[in-house]
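Below: one structure, written as structure tokens.
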Amino acid sequence: MTKVKIYTTPICLECEKAKKYFKENNIEYEEIDTFENKEATEKAFKKAGQKRIPIIEIRDKAFSGFDKKKIEKQLK
Amino acid sequence: MKDLTIIGGGPAAITAAIYAARAKMTITLVTEELGGYLTKTDKIENYPGFKTITGLELTKALEEHLKSYDVEIIEDETVKTVKQENNEVITELENGQILKSKIAIIATGSKRKKLGIKGEQEFANKGITYCAVCDGSLFQDQEVAVIGGSYAGTKSAMYLSKIAKKVYIIEIQNELSGEELLIEQVKKTENIEVITGAKTLEIYGDEYVKGLKYETNNETKNLEVQGISIEIGLIPNSEITNVEKNKEGKIIVTDDMKTSSNKIFAAGDVNNKGKEQIIIAAAQGCIAALKTKEELK
């Protein structure tokens, strides 16, 4: 199973949309609260190259924002 | 052909849909996202009935209410144009789909205004945010600046003050504006510093934002910050229609929310009536829906 991580904040519509998409497509994911995991978040945003929530990490790639096409491509 | 097409997904659009559905009109509501600008709002403390509620919570409540009625909802789609042709309204979507209706309500709201200065584009999402509540956690224990000291700016500064080490408000006017209660809170918050009479000139950095330059009393100063929230106001999402607009791009409407095209109405932030407030948008959505029902008789 591909490991998917999503870095979120409590008030974030794109985070909600992404999690809904993962659930609907039976994609297992781990949610990381960015307020409680500062170091992991910093590593993730540096990997994504953007300071924008959500950050989605799939395998060795990370990107910011909810983008279905990027997720599908990375999960292939 | 449906009676009504509603373009938008915020409080004005959803209220219009609820009233129109209860008036037994047939409706299509088309939107990029339900909730619209509301979803980027932290605490709402001035909407009657809720002492405090987040934008996301209110969006969920509005969505649930909307979906309890027989309304066709097209989500995640962008509208390209809305125009009146003879006695019907044609709404064209970016995906090529055409919606025909007897009448339409445009409730597309507004978006954040940009500064248009050096560095703004380069550092977008690299330290610059237009949604402090979404991205605020990335500025924990850092020094940040909020550009704009009106209602939205003071609200963002209050939110960021609980996360960041220090928050600067950079306001071009000589004093803050907006809600007195918020201004009072800002002044009492120890880690907020207000710099008024300051025009932001440039945002600089390397990989990410490192600071900004501003001008005050004919002197240019540097301010080192790692995050910048831009809150200088809103511009209406009105490009989709050619009805009459004012110089700010807001759709000109009558007291009944009617535009210069007699089959097209506009409600909420996108029109020239009233301030950008949730309760005003909802009320205008109601007025527009009730009037469209009369027009169809």
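Chains P and V, in that order, are what the protein sequence lines are. Mapping of the first sequence onto the working numbering: residues 2 to 77, in sequence order. Mapping of the second sequence onto the working numbering: residues 211 to 507, in sequence order. Glycine residues also receive a C-beta, built at the ideal position from the N, C-alpha and C atoms. In this text, all values refer to a predicted model and were calculated from it rather than measured experimentally.
**OP:** State yes or no: is the C-beta of V/G358 within less than 8 Å of the C-beta of V/I440?
**Re:** The Cβ atoms of V/G358 and V/I440 sit closer than 8 Å to each other.
Original post:
For P/L14, which residues in chain V fall below 7 Å Cβ to Cβ?
Top reply: E243, G245, T249 and L266
Original post:
Closest Cβ-Cβ distance between V/K375 and chain P: below 8 Å?
Top reply: no
Subject >> Residue range of the unbroken alpha helix (DSSP H) whose run includes V/V396 >> reply: E390 to K398
Original post:
Does P/R60 come within less than 8 Å of chain V when only Cβ atoms are used?
Top reply: no
Subject >> Own chain residues within Cβ distance below 7 Å of V/N512, not counting five before or after >> reply: No statement about residue 512 of chain V is possible, as the shown extent of chain V runs from 211 to 507 and does not include it.
**OP:** Output yes or no for whether 8 Å exceeds the beta carbon distance between V/L276 and V/I228.
**Re:** V/I228 sits close to V/L276, with the two beta carbons spaced by under 8 Å.
Original post:
Given that P/I54 touches chain V, what residues does it touch there, using C-beta distances under 8 Å?
Top reply: C344, D345, S347 and L348
**OP:** Please report how far the alpha carbon of V/I316 lies from the alpha carbon of V/S278, in whole angstroms.
**Re:** 22 Å
Original post:
Is V/R232 helix, strand or coil by DSSP?
Top reply: helix
Original post:
How would you list, in chain order, the residues of chain V whose beta-carbon sits under 7 Å from the beta-carbon of P/K39?
Top reply: Within 7 Å Cβ-Cβ: Q350.
Original post:
If you measure beta-carbon to beta-carbon, which residues of the segment 272 to 295 of chain V are closer than 7 Å to chain P?
Top reply: From the segment 272 to 295 of chain V, no residue has a Cβ closer than 7 Å to chain P.
Subject >> When V/M368, V/V299, V/E504 and V/S347 are compared against P/C13, the one with the closest alpha-carbon >> reply: V/S347
**OP:** Report the residues of the segment 328 to 344 of chain V with a CB closer than 8 Å to any CB of chain B, ordered along the chain.
**Re:** Absent here is chain B; the protein component of the structure consists of chains P and V.
**OP:** Identify, in the order they occur along the chain, each residue of the same chain with its Cβ nearer than 6 Å to the Cβ of V/L272, setting aside the five sequence neighbours on each side.
**Re:** I224.
**OP:** Could you tell me which uninterrupted beta strand (DSSP E) segments, each at least 3 residues in length, are contained entirely in the segment 399 to 454 of chain V, listed from first to last along the chain?
**Re:** 402 to 405, 409 to 415, 419 to 426, 429 to 434, 437 to 440 and 444 to 446
Original post:
Which two residues bound the contiguous alpha helix (DSSP H) that contains V/L303?
Top reply: Counting along the chain, V/L303 falls outside any alpha helix (DSSP H), though it belongs to the beta strand (DSSP E) covering E298 to L303.
**OP:** Quick one: using the 10 Å Cβ neighbour count with 16 as the cut-off for buried, is V/M467 buried or exposed?
**Re:** buried
Original post:
Where does V/T215 sit, in a helix, a strand or coil, going by DSSP?
Top reply: strand
Original post:
What first and last residue would you give for the beta strand (DSSP E) that runs through P/K62?
Top reply: K62 to S65
Subject >> Members of the segment 405 to 431 of chain V near chain P, C-beta cut-off 9 Å >> reply: E417, Y418 and V419
Subject >> Backbone CA spacing between V/M211 and V/L303 [nearest angstrom] >> reply: Straight through space, the alpha carbons of V/L303 and V/M211 are spaced by roughly 16 Å.
Original post:
For the alpha helix (DSSP H) that V/A314 lies in, which residues bound it at each end?
Top reply: Counting along the chain, V/A314 falls outside any alpha helix (DSSP H), though it belongs to the beta strand (DSSP E) covering I308 to I316.
Original post:
V/V299 to V/T215, Cα distance in whole Å?
Top reply: 8 Å
Original post:
Just the Cα atoms here: how many angstroms apart are V/D416 and V/G337?
Top reply: Distance between the alpha carbons of V/D416 and V/G337: 11 Å.
**OP:** Could you give the DSSP three-state label for V/E282: helix, strand or coil?
**Re:** strand
Subject >> Collapsed DSSP secondary structure at V/I224 in the structure displayed >> reply: helix
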